[in-house]
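Participant: Submitted below is the structure of interest, expressed as structure tokens.
Number of protein chains: 2
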Amino acid sequence: MACKVVQASDVAASFINEIKATIVSSNIKPLLVGFLANEDPAARMYAQWTAKTCKQTGIEFELRECPRTELEDKIVEANEDENVHGIMVYYPVFGGAQDQYIQNTVSYTKDVEGLCHKYRYNMYHNIRFLDKKETQKCIIPCTPLAAVKILEYIGAYNPILPYGNRLHGRIITIINRSEVVGRPLACLLANDGARVYSVDEFGIMEFHRGDGIKLSKHEVFETKITLTEALSKTDVVITGVPTEKYKLDTTLLKDGVIAINFSTFKNIDLEAIKQKASIFVPSIGKVTVSMLERNLLRLHQYQTFK
Amino acid sequence: MACKVVQASDVAASFINEIKATIVSSNIKPLLVGFLANEDPAARMYAQWTAKTCKQTGIEFELRECPRTELEDKIVEANEDENVHGIMVYYPVFGGAQDQYIQNTVSYTKDVEGLCHKYRYNMYHNIRFLDKKETQKCIIPCTPLAAVKILEYIGAYNPILPYGNRLHGRIITIINRSEVVGRPLACLLANDGARVYSVDEFGIMEFHRGDGIKLSKHEVFETKITLTEALSKTDVVITGVPTEKYKLDTTLLKDGVIAINFSTFKNIDLEAIKQKASIFVPSIGKVTVSMLERNLLRLHQYQTFK
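In the order they appear, the protein sequences are chains Z and B. Taking the working numbering, the leading residue of the first sequence gets 1, the next gets one more, and so forth. Taking the working numbering, the leading residue of the second sequence gets 1, the next gets one more, and so forth.
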């Protein structure tokens, strides 16, 4: 079988080396503070994993645990503490709309996860810099950013095209339209020139910059296309369904497709996808953590060199 | 029976007169734009009701309908249009987290509903003014604000106490802890000095400024108190459960309680509450719309007199 299986660790390696080198050469001590305010074992595991990977790259990580009723005050305290360079929160805390409120209480100057409104607004509107001189890039949420970096690594982005248009001609299907990953990813890839089919249990929406990518940012359209039709045209399929039950029907894919799974569950069967795909990336978690660290370094730099 | 039933229209009357008088005496034409981007008949009814009440008070109202995929761009357009003084959106549009994102795309300078993060943050942190000179009051979400105005009207606020502390000594139970009404209302009343029991299907939380209201803003505590205990101590009970099935057990209330219902369903049985309450307010919708108009006038003034 000609399918090449690419591991997230392969993609993460160069980012990890870059982060380590920057920390050593600049002699900096960026501090990331993670807030754990729930009893969720998955959140605790993610916190331990953040701690471990930060240690490996030379980033200081401090886990702050508190009752959820005190979380907001602790975040405000960390916002104002100049020794803290990045803040992240292990969700869910309250669940639902109150967690979106919490996301917005993290100062954008320390928001390593890129979840506050300012970054989300800029991302959706294809505004790539914080400043008019274009010296400070906006923070992009870690998981969608990891998917972009993986797509660059495996050659889905065409570097011969101008920056910002390098997915022109690509048809990409994303199975997940959550506010945390699926929708931001659809928008990032559409802003980079792709035609994206964004799929959730209620239907399919199309994200793109119009024929000839003549629009400066993506627009979104309701579409009547079926999943079968969409997948038959798809160059890159990305799955992220948060349940064990969901399995992508690989018989619908065209030969030579690129397939990526970001769900913690195996949405794509390895043996089946090997019959169809040219490239398969079974998980992206390790790249996601690298992006978290990369975002931290960026924010540290913005805070330090004004 | 000694129970006095107060209608929302009684409370709204003085606000409506004030709004009418301001519009005439200042010779202004504030324009409120409402966005309808769903097929929800309840949303359309609310839109029609806004139109009708605006007409009665002399406020220009324009309903703009669009597909939900175009809503964000239309909001941005209205944000930038100086002829538009206030913006509101008839929710739900996408539902869930994407609707919170939409709430934050409305500029705070035109956010008549007070749903953007800036106003919500200020409300939770008991920051009452936008500016240091304290000339511009923050916008408060309409339904919670309506409840406050009703509590003032019916004498639950004690005007002999200093402004900001006028609920000191009051125990208030709110049955609903949604992000749109229950939680903001709990916080507003606690910031004004009350001890608030905030009840939802998962349990009870306590909002207050500490013994002797020594804190400058409320804090939130998990509590083991039962609903029976809470209601037995409650001076004011406020219901807002969005289902026909829920009925408040009025036998748990103390004699002479004040009862308010803001649910569109009848959470409190009229005959039963008359046996217990000193005052009963069966609905608050008409005050809510007045608060919307009052917020619009405020924002119009901030935009016009800089």
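For every residue, glycine included, the Cβ atom is placed at its ideal position computed from N, Cα and C.
If you draw a straight line from the alpha carbon of residue 200/Z to that of residue 218/Z, how long is it in whole angstroms?
Facilitator: For the purposes of this step, residue 200/Z is taken as the residue at position 200 of the first sequence. For the purposes of this step, residue 218/Z is taken as the residue at position 218 of the first sequence. Computed Cα separation, rounded: 19 Å.
Participant: Does the region 262 to 279 of chain Z touch the region 76 to 86 of chain Z, meaning 3 or more C-beta pairs lie closer than 8 Å?
Facilitator: No, they do not touch.
Participant: Can you tell me which of 209/B, 186/B, 179/B puts its alpha carbon nearest to the alpha carbon of residue 193/B?
Facilitator: Residue numbering aside, residue 193/B sits at position 193 when the second sequence is read from its first letter. Nearest C-alpha to residue 193/B: 209/B.
Participant: Between residue 15/Z and chain B, is the shortest Cβ-Cβ distance under 8 Å, so that the two count as touching?
Facilitator: Indexing the first sequence from 1 puts residue 15/Z at position 15. Not an interface residue.
Participant: Using the DSSP secondary-structure output, state which residues sit across from residue 195/B in a beta bridge.
Facilitator: Your numbering for residue 195/B matches position 195 in the second sequence. Partner(s): 171/B.
Participant: Buried or exposed for residue 198/B, going by 16 or more other Cβ atoms inside 10 Å?
Facilitator: Looking up residue 198/B in the second sequence gives position 198. It counts as buried.
Participant: Who are the near neighbours of residue 115/Z in its chain, counting only those whose CB is closer than 7 Å to its CB and skipping five residues on each side?
Facilitator: Position 115 of the first sequence, counted from the start, is the residue given in the question as residue 115/Z. If we look at residue 115/Z and ignore the five residues flanking it on each side, its Cβ neighbours are 103, 141.
Participant: Would you list, in sequence order, the uninterrupted alpha helix (DSSP H) runs of no fewer than 4 residues that lie entirely inside the region 215 to 247 of chain Z?
Facilitator: Runs of the alpha helix (DSSP H) inside the region 215 to 247 of chain Z: 227 to 233.
Participant: Check whether the Cβ atoms of residue 72/B and residue 31/B sit closer than 8 Å, and answer yes or no.
Facilitator: If you number the second sequence from 1, residue 72/B lands on position 72. If you number the second sequence from 1, residue 31/B lands on position 31. No, the pair does not count as a contact, with Cβ atoms beyond the cut-off.
Participant: Please name the residue, chosen from 56/B, 38/B, 34/B, that lies closest to residue 322/B on a Cα-to-Cα basis.
Facilitator: In the structure displayed, chain B extends from 1 to 306; residue 322/B sits before or after that span and is not available.
Participant: Around the C-beta of residue 163/B, are 16 or more other C-beta atoms found within 10 angstroms, so that it is buried, or is it exposed?
Facilitator: Reading the second sequence from its first residue, position 163 is the one you call residue 163/B. The residue is exposed, with fewer than 16 neighbouring Cβ atoms inside 10 Å.
Participant: Between which two residues does the alpha helix (DSSP H) containing residue 88/Z stretch?
Facilitator: Your numbering for residue 88/Z matches position 88 in the first sequence. First-last for residue 88/Z: 86 to 90, but that is the beta strand (DSSP E), not the alpha helix (DSSP H).
Participant: Rounded C-beta distance between residue 276/Z and residue 249/Z? I'm assuming under 8 Å.
Facilitator: What you label residue 276/Z is simply residue 276 of the first sequence in a count that begins at 1. What you label residue 249/Z is simply residue 249 of the first sequence in a count that begins at 1. That belief does not hold up - the Cβ atoms of residue 276/Z and residue 249/Z are roughly 11 Å apart, past 8 Å.
Participant: Determine whether the beta carbon atoms of residue 235/B and residue 170/B lie at a separation below 8 Å.
Facilitator: Mapped onto the second sequence, residue 235/B falls at position 235. Mapped onto the second sequence, residue 170/B falls at position 170. Against a cut-off of 8 Å, the Cβ pair of residue 170/B and residue 235/B comes out as a contact.
Participant: In whole angstroms, give me the CA-to-CA distance for residue 118/Z and residue 108/B.
Facilitator: The sequence position of residue 118/Z within the first sequence is 118, counting from 1. The sequence position of residue 108/B within the second sequence is 108, counting from 1. Rounded to the nearest angstrom, the two C-alpha atoms are 13 Å apart.
Participant: Would you say residue 179/B reaches chain Z, if we count a Cβ-Cβ gap shorter than 8 Å as a contact?
Facilitator: Taking the first residue of the second sequence as position 1, residue 179/B is located at position 179. Yes, because at least one Cβ of chain Z sits closer than 8 Å to the Cβ of residue 179/B.
Participant: Counting contacts by CB-CB distance shorter than 8 Å, is residue 280/B in contact with chain Z?
Facilitator: Residue numbering aside, residue 280/B sits at position 280 when the second sequence is read from its first letter. Taking Cβ atoms only, chain Z never reaches closer than 8 Å to residue 280/B, which makes this a no.
Participant: With a CB to CB cut of under 7 Å and the five nearest residues on each side skipped, what residues in its chain are close to residue 223/B?
Facilitator: Translated into positions along the second sequence, residue 223/B becomes position 223. Excluding sequence neighbours, residue 223/B sits near 204, 205, 206.
Participant: Which value, in whole angstroms, describes the spacing of the CA atoms of residue 8/B and residue 53/B?
Facilitator: Against the second sequence, residue 8/B aligns to sequence position 8. Against the second sequence, residue 53/B aligns to sequence position 53. The straight-line gap from Cα to Cα measures roughly 14 Å.
Participant: If residue 360/Z and residue 50/Z are in contact, beta carbons under 8 Å, what's the gap, nearest whole angstrom?
Facilitator: Outside the shown range of chain Z (1 to 306) lies residue 360/Z, about which nothing can therefore be said.
Participant: Against chain Z, does residue 121/B count as a neighbour if the rule is that its beta carbon must be under 8 Å from one of theirs?
Facilitator: On the second sequence, residue 121/B is found 121 positions in, with the first residue counted as 1. Yes, residue 121/B counts as interfacial toward chain Z.
Participant: Just the C-alpha distance for residue 299/Z and residue 132/B, rounded to the nearest angstrom, thanks.
Facilitator: Start at 1 with the first residue of the first sequence, and residue 299/Z comes out as number 299. Start at 1 with the first residue of the second sequence, and residue 132/B comes out as number 132. So the two alpha carbons sit approximately 29 Å from each other.
Participant: Under 7 Å Cβ-Cβ, which residues of chain B neighbour residue 221/Z?
Facilitator: In the first sequence, the residue the question calls residue 221/Z occupies position 221. Residues of chain B passing the Cβ test: 69.
Participant: For residue 258/B versus residue 160/B, is the C-beta distance shorter than 8 Å?
Facilitator: Position 258 of the second sequence, counted from the start, is the residue given in the question as residue 258/B. Position 160 of the second sequence, counted from the start, is the residue given in the question as residue 160/B. Against a cut-off of 8 Å, the Cβ pair of residue 160/B and residue 258/B comes out as no contact.
Participant: Who are the neighbours of residue 294/Z on chain B, taking C-beta pairs under 9 Å?
Facilitator: Mapped onto the first sequence, residue 294/Z falls at position 294. Result: empty, since nearest Cβ-Cβ is about 24 Å, beyond 9 Å.
Participant: Examine chain Z for any beta-carbon lying closer than 8 Å to the beta-carbon of residue 105/B, and answer yes or no.
Facilitator: Sequence index remark: in the second sequence, residue 105/B carries index 105 (1-based). With 8 Å as the cut-off, residue 105/B counts as an interface residue toward chain Z.
Participant: Taking the continuous beta strand (DSSP E) assigned at residue 205/B, which residues delimit it?
Facilitator: Taking the second sequence and counting its residues from 1, the one referred to as residue 205/B is at position 205. Its beta strand (DSSP E) spans residues 203 to 208.
Participant: In chain order, what residues of the region 87 to 117 of chain Z put their CB closer than 8 Å to some CB of chain B?
Facilitator: Under the 8 Å Cβ criterion, the region 87 to 117 of chain Z contributes 96, 97, 98, 100, 101, 104, 105, 117.
Participant: Is the beta carbon of residue 287/B closer than 8 Å to that of residue 146/B?
Facilitator: Residue mapping note: residue 146/B aligns to position 146 of the second sequence, counting from 1. Residue mapping note: residue 287/B aligns to position 287 of the second sequence, counting from 1. Against a cut-off of 8 Å, the Cβ pair of residue 287/B and residue 146/B comes out as a contact.
Participant: In chain order, what residues of the same chain lie with their CB nearer than 8 Å to the CB of residue 60/Z, ignoring the 5 residues before and after it?
Facilitator: Here residue 60/Z refers to the residue found at position 60 of the first sequence. Closer than 8 Å at Cβ, skipping near neighbours: 29, 30, 31, 32, 54.
Participant: Name, going along the chain, the residues of the region 180 to 204 of chain B whose beta-carbon falls closer than 9 Å to a beta-carbon of chain Z.
Facilitator: So the close ones are 180, 183.
Participant: Given residue 99/B, which residues of its chain have a CB within under 8 Å of its CB, disregarding the five upstream and five downstream residues?
Facilitator: As a first step, residue 99/B is located in the second sequence; it is residue number 99 there, counting from the start. Cβ within range, chain order: 91, 92, 93.
Participant: Using the C-alpha atoms, what's the distance from residue 182/B back to residue 242/B?
Facilitator: Counting from one through the second sequence, the residue named residue 242/B turns up at place 242. Counting from one through the second sequence, the residue named residue 182/B turns up at place 182. Rounded to the nearest angstrom, the two C-alpha atoms are 11 Å apart.
Participant: Excluding sequence positions up to five away, which residues of its chain have a Cβ less than 7 Å from the Cβ of residue 232/Z?
Facilitator: As a first step, residue 232/Z is located in the first sequence; it is residue number 232 there, counting from the start. Cβ neighbours of residue 232/Z beyond the five flanking positions: 252, 254.
Participant: What are the start and end residues of each continuous alpha helix (DSSP H) run of 4 or more residues lying completely inside the region 85 to 140 of chain Z, in chain order?
Facilitator: For the region 85 to 140 of chain Z, whole alpha helix (DSSP H) runs of length 4 or above, ordered along the chain, are 97 to 105, 117 to 124.
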